[in-house]
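Trainee: Provided herewith is a single structure, encoded as structure tokens, for subsequent inquiry.
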Amino acid sequence: MHKNFKSVEKTVFGRGSYAQLGEIVDERRTENDGFAVYLVDNYFENKELGSSIPTKEGDLLFFVDVQTHEPTTEQIDQLRDDILKKGLPSVIIGIGGGSAMDIAKATSLMVCNEGSSTLYQGLNLIKKPGVYAIGIPTISGTGAEVSMTAVLTGPEKKLGLKCEWTVLNQIILDPDLIADVPTNQWFYTGMDNYIHCIESENGIFNNAYSMGYGIQSLQLSRDVFLGPDAGQTPENDEKLMVASLMGGLSLTYSEVGVCHALSYGLSYVFETRHGLANCICFNHLEDYYPEGVKEFKEMVKRFNIDLPVGLAKDWSEDEITRMAEIAIRLEHMWHHAFGENWKEKINLDLIKDLYRRM
Ligand code: NAD
Ligand code: ZN
730 MHKNFKSVEK TVFGRGSYAQ LGEIVDERRT ENDGFAVYLV DNYFENKELG
780 SSIPTKEGDL LFFVDVQTHE PTTEQIDQLR DDILKKGLPS VIIGIGGGSA
830 MDIAKATSLM VCNEGSSTLY QGLNLIKKPG VYAIGIPTIS GTGAEVSMTA
880 VLTGPEKKLG LKCEWTVLNQ IILDPDLIAD VPTNQWFYTG MDNYIHCIES
930 ENGIFNNAYS MGYGIQSLQL SRDVFLGPDA GQTPENDEKL MVASLMGGLS
980 LTYSEVGVCH ALSYGLSYVF ETRHGLANCI CFNHLEDYYP EGVKEFKEMV
1030 KRFNIDLPVG LAKDWSEDEI TRMAEIAIRL EHMWHHAFGE NWKEKINLDL
1080 IKDLYRRM
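Counting in our numbering, the sequence shown runs from 730 upward without gaps.
Listed below in structure tokens is the structure:
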């Protein structure tokens, strides 16, 4: 059975395109109770972007906390309750990194679905479509702007609300918005995309569709992080935004692999941020992705990135086991990376050894 996936309906791309937001929102105001809800990464609270949100009377603006933790089910349930006190919004707009994209996607669904968001963590559990959702990324790399997942951490699991209705209706890709991301963060999130493409390519579920987007995305990433004009320039900001989008599409039609499986374990046990967790893991995966890891190390060096090593010496046996147990459950990733008989090639002990390298 081939995947039948839904894409973002409308896309605006280009420097300065953020200025079109007000007009795009106004087009939706005839739906539901006529107000818009802006969910903005709280990094922007006292910044220029935070004070230029095109709110109109009756709209709601929340600066959402993405600093202390990645998006949680509790956070989404609270936002939903706060919004519904006013009514059903016409449109929900998320502005920020992958976390803000996921918060907007999840909140859009949860204003239309009863009960706690913990009930819907998994595939196709959502009962009704959400309200119109717009995403405006301010960091590039997660692919959350095009993916059909809103990753949430709940009391029992870190798992996405995943269904067709999770996909954003509209995205506005304005490369100017990513211009000032601090170098380490720019790199960690940018590498999330680079790793998506390497993993998508190196596994049995790759195909002409995933490779078409993946190869192009890798080429753009190499320009941004490795080429003669590498670095945070306006041209590279444009390339990185498109790379993230294409990497997300590549992934949608293939799968991630060893690095993401290990990274989920690391994030779950130590709450390490997704981009950084991927970098920590990928740094030690030369046995599986030799070319990719070699290139990755060159990029780390080029930008003098802070990349923690020697972490495992402070990890207990119990922590290593817990991470490995989370990782091995991600069977689709191992299946992709090692093929049909993946259980002959990887097991709990080998996974623990991989963590001990970190
Ligand atoms: P993020 O959204 O967690 O933000 C990281 C940091 O960067 C925050 O401190 C934020 O305030 C700051 N920031 C954002 N924009 C900035 C800017 N322009 N300038 C300066 N600082 C800025 O980072 P991310 O790496 O984009 O996203 C990671 C999140 O995305 C995780 O929660 C992860 O679970 C999720 N994710 C989702 C998907 C998906 O398909 N839905 C895929 C991968 C990751
Ligand atoms: Zn990722």
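Cβ atoms here follow ideal geometry from the backbone N, Cα and C, with glycine treated the same way.
From a predicted model like this one, the values you see are computed outputs, not experimental measurements.
Thinking just about the alpha-carbon of each residue, which of Q948, T918, D770, D958 is nearest to the one in A833?
Mentor: To locate residue 833, count along the sequence shown from 1; it is residue 104. The shortest Cα separation from A833 among Q948, T918, D770, D958 belongs to D770.
Trainee: Short of 6 Å in beta carbon distance, which residues of its chain neighbour E893, apart from the five on each side in sequence? Order them along the chain.
Mentor: Position 164 of the sequence shown, counted from the start, is the residue given in the question as residue 893. So the qualifying residues of the chain are K735.
Trainee: Rounded to the nearest angstrom, how far is the Cβ of L991 from that of A1056, given a contact under 8 Å?
Mentor: Here residue 991 corresponds to residue number 262 of the sequence shown, with the count starting at 1. Here residue 1056 corresponds to residue number 327 of the sequence shown, with the count starting at 1. Correct: roughly 5 Å between the Cβ atoms.
Trainee: Note down the Cα distance separating V910 from I868, rounded to an integer number of angstroms.
Mentor: Sequence index remark: in the sequence shown, residue 910 carries index 181 (1-based). Sequence index remark: in the sequence shown, residue 868 carries index 139 (1-based). Looking at the two C-alpha atoms, the distance is approximately 7 Å.
Trainee: At what residues does the beta strand (DSSP E) containing D770 begin and finish?
Mentor: Numbered from 1 along the sequence shown, position 41 holds the residue referred to as residue 770. 765–770 is the span of the beta strand (DSSP E), which, as asked, contains D770.
Trainee: Assign Q899 to one of three DSSP states: helix, strand, or coil.
Mentor: Your numbering for residue 899 matches position 170 in the sequence shown. In the structure shown, Q899 sits in a strand (DSSP, three-state: E or B).
Trainee: For A862 and L1079, what's the separation of their Cα atoms in angstroms?
Mentor: What you label residue 862 is simply residue 133 of the sequence shown in a count that begins at 1. What you label residue 1079 is simply residue 350 of the sequence shown in a count that begins at 1. Using only the alpha carbons, I get a separation of about 42 Å.
Trainee: Classify T962: buried if its beta carbon has 16 or more other beta carbons within 10 angstroms, exposed otherwise.
Mentor: Position 233 of the sequence shown, counting from 1, holds the residue named residue 962. Exposed, by the Cβ-count rule.
Trainee: By the DSSP assignment, the alpha helix (DSSP H) with V820 in it spans what residues?
Mentor: Here the question's residue 820 lines up with position 91 in the sequence shown. Taken as a continuous stretch (DSSP letters only), V820 belongs to no alpha helix (DSSP H), being part of the beta strand (DSSP E) at 820–825.
Trainee: Determine the direct distance from the alpha carbon of D958 to that of G1068, and round the result to whole angstroms.
Mentor: Mapped onto the sequence shown, residue 1068 falls at position 339. Mapped onto the sequence shown, residue 958 falls at position 229. The alpha-carbon atoms of G1068 and D958 are separated by roughly 38 Å.
Trainee: Output the residue ranges of the beta strand (DSSP E) runs that lie fully inside the stretch 801–885 and measure 3 residues or longer, sorted by chain position.
Mentor: Segments of the beta strand (DSSP E) lying fully in the stretch 801–885: 820–825, 861–866, 878–882.
Trainee: Exposed or buried, which one is D1082 when buried takes at least 16 other CB atoms within 10 Å?
Mentor: Here residue 1082 refers to the residue found at position 353 of the sequence shown. Flag for D1082 reads exposed.
Trainee: So what's V953 in DSSP terms, helix, strand or just coil?
Mentor: On the sequence shown, residue 953 is found 224 positions in, with the first residue counted as 1. Of the three classes helix, strand and coil, the one that applies to V953 here is helix, per DSSP.
Trainee: Evaluate L897 with the Cβ neighbour count: other Cβ atoms within 10 Å of its Cβ, from every protein chain shown; 16 or more gives buried, anything less gives exposed.
Mentor: Stepping through the sequence shown from its first residue, residue 897 is reached at position 168. Result: buried.
Trainee: Closest to P866 by CA distance: which of L838, D903, V820 is it?
Mentor: Against the sequence shown, residue 866 aligns to sequence position 137. If we check each option's Cα against that of P866, D903 comes out closest.
Trainee: So, at 8 Å on beta carbons, what are the nonlocal neighbours of Q749 in its own chain, with the 5 sequence-adjacent residues on each side left out?
Mentor: Against the sequence shown, residue 749 aligns to sequence position 20. Same-chain partners within the cutoff: V741, I901.
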